[in-house]
Structures are given as structure tokens and as C-alpha cells.
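Everything in the sequence shown is counted per the numbering used here, starting at 10 for the first residue and increasing by one.
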Amino acid sequence: LALGAGEQSPNPPLTWNTNEPVWVDQWPMSKERLQITEQLVAEQLASGHIKPSVSPWNTPIFVIPKKNGKWRLLHDLRKVNEQMQPMGALQPGMPSPSMLPEGWHLLIVDLKDCFFTVPLHAQDTQRFAFSVPAINKAAPTERYEWVVLPQGMKNSPTLCQLYVAWALQPLRDKWPDTIIYHYMDDILCCQEKPFVKEALEQLTDTLSSKGLIIAPEKIQRTAPWKYLGWSIAESKIRPQKTELTTRLSTLHDVQTLLGDVQWVRHCVGISNTDIAPLTALLRGTNPANKITLTPEQHAVLQRITQKLHLAWSSRRLLNLPISLIICNGKDSPYAVVCQWQNRSGESLSPILINATAKRKNQKDVFHILEWVFLSVQPKTSIQTRTEAVGELIRKGRSRILEISGQEPNDISIPVNMADLEWWLQNAVAIQNALLGFCGKVHSCQPQGKLWQVLQRNQWIEKSKVSREPLSDGVTVYTDAGKRLRRAACVWKEDRGPVWVPSKNVKPVLTHHDSSSEQEDRDPDSGNTVPSGNDSPQD
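As C-alpha cells, this is what we get:
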């Protein structure tokens, strides 16, 4: 690896639990595969990725065919990984493309064989040694060790990120007005002016001075740009993968499908309600378990596929505040991270303009940057609407702070103006969620066709749950059995000595159903005492 004069790799030496050498004998190979292995090893030696070795460590290698007919050399490093202390994740998630300003120009490049261009610390190379055997032991085995990051070493991704970040730092200093996203070997540059030829040359020279090579066939300068699974246009962002495997026959198929959906749902707005019929299939631990889809689940798959084809999120409007809007969906509340703008370019966020003062010839532009959903599996058996809204406010504030570096300018809660003040003064879940927030809390909502299509919104009423027991109410004790999946409740009539059981003991899914049993008995007044640590629903 050719670094500049006096430069050294920033990668630190690895930390090991023991210095005891690991030796795992090389597996026998067929004559054909041995010839392929010798050819691939010769290529790695000529490229400077390995060097001859007499290390006391040894772990086996093997080759596998690739789809294009070529072969890949792999190294079984499981025993070496067991001795190694893991490094913490440097990027727990990927950068959000919605923070790229609308209309700005992009330049995207991929690094060629990134792991093989990042050097290992010199004191660690001997631990990554391997042998190339000879048939019938006709000659001594040839032994080599990696001097670059080997594929299969558990800390290779972290060391790769450290190295590429170090290589990019001079460019970040020279281009202060350019947004640079770096994730593993994918680099995105975004700026207001078009990228000229000299800019690409400067990027190439900066990286090559550190031994990093840009793959010429993967340079992207025009829309639509492909980056980390997203297709990015001038103003819109869509997932690249819009086709889902709808032929599900095993638990593994369902797990794979929901994993793909989970990755894109915050961009295209696939809600908990959308995927609820499919999550019901996630029962069992054997991936090979057979499953059968109901007509309802087939319909759900079609709706999700349609959303993937038609929905999108937006790139942000520069210098326009970001808002958080809580939506009270029929089955579950959700939130959108968004921006409002009218035709003249003014913000329609309630903190900057009065909605009643808008001119009739101005139309709202409502930009959704991301969607925020509650956890598919709630942390408690019962979560009230108030608690759900509080959780969405916390998640929305945290997400906006994470991607933009700022709190939302305003938060919209779906309550009427008469109840908003009561909520802010009495709803503990809302008070906790808004701790430290300095922006405006309101109940205004945007206008426009997109919002009307998405809205399905209902006002949340003031809670009917009293913070103190009702002195003249009947105290009802509820319980639900997990094993038998039954709910029941008992109470005393007119404070008498005899307990009265519920007349209907019914199947349940959660403790909420046992509380509902009491509501069916007397929906207007009463003190509900649920079993365990569950709280009654408002």
C-alpha cells in the first residue's frame, strides 16, 4: 500500500484475549479446487494483499463459485475471531437521504475492493495465516498471512470505516459547503453547484493517496442516483427494491419479507396496521416451519407491494423548519417528520404563519421526510392513546435531532383547541415527552391533497380516566390468563360481602380484554384493578 511520505495507517492494533497461537489444520482439496486456490493466492500475492509467512497461527481456506462463473477465496476465521475483542459499532445506522437538500447535485462513488486496500496493523498480520496444501504431501505447504483486512474477520468493517473516514478528512476540510455521506465503501457528496470534472479528480487523487481506488464503473453523476438501497431523484426518494416475494411457505420466508419491509417502512409509510396480519405468522422458532396465508394476508401483501411502487418520501427544503405531526390513526397513532411550504416559498409551519391568513391563490406543499411508528410489540400489555402519543413525541424528537442536529420547530398533537391546554397540564405522558422542548405545541394541521389522502385522522378526546379512585364507584378486579387465554372480573354489589363474578368469561389476547370486560359491565364509572403491573386503558 502506497501512502504519502511519513504517513501511517490510522488503524490501531487489535486487542486480543490471549496470545496463545491457534492452529486449525487445512482441509484437503480436490485437484481442481487446489489449482483454483493456487491461482487466486498468486493473484493476492501479486496485489500485495498477502505475504509469505512462518506464523504459528493457521486457519483453513476454501474457494466457492460466484454467479458470474468466477471463484472467491474465503478464509475460515472463526477460531481467530473467538480470541479477538470486538470493536464497538461506529455507525449503528445508515445516513438518511431525506436530509439531502432538494435540488442539490450529487456525486456518488464506490471504492473498489475496499477491505483489500486497508492495511492491518503489522503486529496482527501473523494471526491471519493460512496454508496452501500439496496433494499427498508431495512438497512442503506454502504458507501466507494477510497484510490487509481479511474478509470474515469480525472487526474488518469497523477498521474499514476508520480508515476511509481518515482518508476523507482532508476533503471535508477543503469542501466545507459540501455534504459528505460515508458508509463503509459508499461515498456520497452533495452540494448546491454542479460537480465539475476537477472535483471528481480531486476526490480521486485524495483517496488514491491513501491507497483507496474508486471503481470507474460505479461513478454516478446524474439522477436517479442509487445509494444504500435508495433511488434518489431531484426531490423524491424511493426504495430501489420495489418487488416483494409474495409466495410465502415457511417461517423463514415471512422473517425475510418483514425484514425487507422493516427497512423501507419509514420511507414509504408502511404502518403497524399494514403489517399486523403478517406479524401474526411469526410464531415458532424453527425457520423451516410451514405456514399458510389467509385471503386477508394475501390482500395485505398486495397493499404493501402497491405502497412500495407508489409511495415516496421527500428531500428536505433547505432553510425551512422541520415539524413533527402526530396522527391519530384508527387502529394505532403514528407520526410524520415533515415540512410545509406554500407556492410563494413561505413556510406554513404554525410558528411562522397564521393558517387563516393565507391567500386563496397559495397552495400548500406538504413534504414528508420520514414516518415514525410505534413498536410492533408494545413494551406493556396495555398502552393508552395518551401514552402512545407520548412515545411518538419522544421518538420523533429523538429522530429529528439525530438526522438534523436540531429539535423540531413545532409539534402538532391531534386534539381540539379546547382540550390541548388540559392535556399539557394533566397528561403526565405528554408532559414527560415534552420535557426540555422549547418549540411550539399546537393542534394545527396542513392542507393539500397529499395530507387529505394520508390523514384518516381523529381527534383524541380528553382522558376519561381519573387520577384518583372514584369514591362512589364500584371497585372491579380483573385478570387474564396467558396459558388459557381467558379473562374475567369480580366486584361487590352495593359494598356487600359477596363477590359477584362476571357472567361472561371470554377468550383474550391481552390484559386489555379483561379491562374491557369491566367496561362492558359499567362503562360510565368504576375503579379497575388489573392484575400484575398493567395499567387500565383510558
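Don't be surprised by glycine CBs; every beta carbon is placed ideally from N, CA and C.
Helix, strand or coil at residue i [DSSP, three-state]
i: Val118; result: strand
i: Ile360; result: Unreliable placement is indicated for Ile360, whose pLDDT of 44 sits below 50; no coordinate value is reported for it.
i: Trp66; result: coil
i: Gly490; result: strand
i: Ala496; result: strand
i: Leu401; result: helix
i: Tyr343; result: strand
i: Thr7; result: Residue 7 cannot be examined here, being either before or after the span of the chain that is shown, 10 to 547.
i: Ile377; result: strand
i: Trp36; result: coil
i: Val72; result: strand
i: Pro248; result: strand
i: Pro179; result: helix
i: Pro166; result: helix
i: Ile409; result: helix
i: Pro128; result: strand
i: Gln434; result: helix
i: Val517; result: Its pLDDT being 46, under 50, Val517 is placed unreliably by the model, and the measurement read from it follows with that caveat. In this structure, Val517 counts as coil in the three-state DSSP scheme.
i: Gln135; result: helix
i: Ile144; result: helix
i: Gln454; result: coil
i: Gln271; result: helix
i: Lys369; result: Any answer about Lys369 is weak, because its pLDDT of 45 lies below 50 and its placement is not dependable; what the coordinates show is given next. Three-state result, Lys369: coil.
i: Gln264; result: helix
i: Pro19; result: coil
i: Lys227; result: helix
Chain C within 8 Å of residue i, Cβ atoms only
i: Leu319; result: Looking at the structure shown, chain C is missing, and only one protein chain is on hand.
Strand pairing of residue i, partner residues [DSSP]
i: Asp419; result: Ser332 and Lys449
i: Lys299; result: Thr259
i: Trp234; result: Ile241
i: Gln200; result: His114
i: Ser105; result: Its beta-bridge partners do not exist; DSSP assigns none.
i: Met93; result: Trp25
i: Tyr6; result: Outside the displayed span of the chain (10 to 547) sits residue 6, for which this structure offers no information.
i: Trp349; result: Phe375
i: Ser390; result: The partner list for Ser390 (beta bridge, DSSP) is empty, contrary to what the question assumes.
i: Ser323; result: Lys245
Residue from the options with nearest C-alpha to residue i
i: Tyr236; options: Lys183, Thr389, Asp119 and Phe204; result: Asp119
i: Asn418; options: Glu29, Leu410 and Thr303; result: Leu410
i: Pro4; options: Ile334, Asp195, Ile439 and Trp431; result: Since the first residue of the chain shown is 10 and the last is 547, residue 4 is not available in this structure.
i: Gln229; options: Trp155, Leu115 and Lys316; result: Leu115
i: Val273; options: Thr134, Arg394 and His318; result: His318
i: Pro106; options: Ile189, Thr231 and Ser218; result: Ile189
i: Tyr343; options: Gln160, Lys250, Ala320 and Ser384; result: Ser384
i: Leu290; options: Leu257, Thr251 and Pro166; result: Leu257
i: Gly482; options: Asp488, Trp500, Ala489 and Arg495; result: Trp500
i: Pro30; options: Thr68, Ile246, Gly57 and Gln44; result: Thr68
i: Tyr172; options: Asp85, Lys219 and Thr484; result: Lys219
i: Asp428; options: Ile412, Thr395, Gln200 and Gly405; result: Thr395
i: Asp122; options: Gln53, Ser64 and Trp431; result: Gln53
i: Trp155; options: Ala55, Tyr192, Ile439 and Thr303; result: Ala55
i: Arg87; options: Pro248, Lys60, Gly78 and Asn164; result: Asn164
i: Gln386; options: Lys250, Thr288, Pro203 and Phe446; result: Thr288
Whole-angstrom C-beta distance between residue j and residue i, which should lie under 8 Å
i: Trp25; j: Gln100; result: Rounded, the Cβ-Cβ distance is 24 Å, inconsistent with contact.
i: Asp341; j: Ser280; result: Note that residue 341 is Ser in the sequence shown, not Asp. Right, their Cβ atoms sit about 7 Å apart.
i: Ser421; j: Leu378; result: Going by Cβ atoms, the distance from Ser421 to Leu378 rounds to 15 Å, so no, they are not a contact pair.
i: Ser62; j: Arg136; result: The pair is not a contact, with the Cβ atoms about 10 Å apart (cut-off 8 Å).
i: Glu415; j: His376; result: Looking at the sequence shown, residue 415 is not Glu but Gln. Going by Cβ atoms, the distance from Gln415 to His376 rounds to 16 Å, so no, they are not a contact pair.
i: Leu221; j: Ala176; result: 6 Å
i: Leu43; j: Leu82; result: Wrong, their Cβ atoms sit about 12 Å apart, outside the cutoff.
i: Leu266; j: Thr254; result: 6 Å
Element boundaries [beta strand (DSSP E), containing residue i]
i: Asp186; result: Note, Asp186: premise wrong, no beta strand (DSSP E); not H, not E.
i: Leu82; result: Trp80 to His84
i: Val309; result: That residue, Val309, is in no beta strand (DSSP E); its alpha helix (DSSP H) goes Pro304 to Leu319.
i: Val141; result: Ala138 to Val141
i: Glu151; result: Glu151 to Trp155
Residue i - containing alpha helix (DSSP H), residue span
i: Lys60; result: Careful: Lys60 lies outside any alpha helix (DSSP H), inside the beta strand (DSSP E) at Ile59 to Pro61.
i: Ile439; result: Val437 to Ala442
i: Leu43; result: Lys40 to Ala55
i: Asp283; result: Asn281 to Thr288
i: Gln211; result: Lys206 to Ser217
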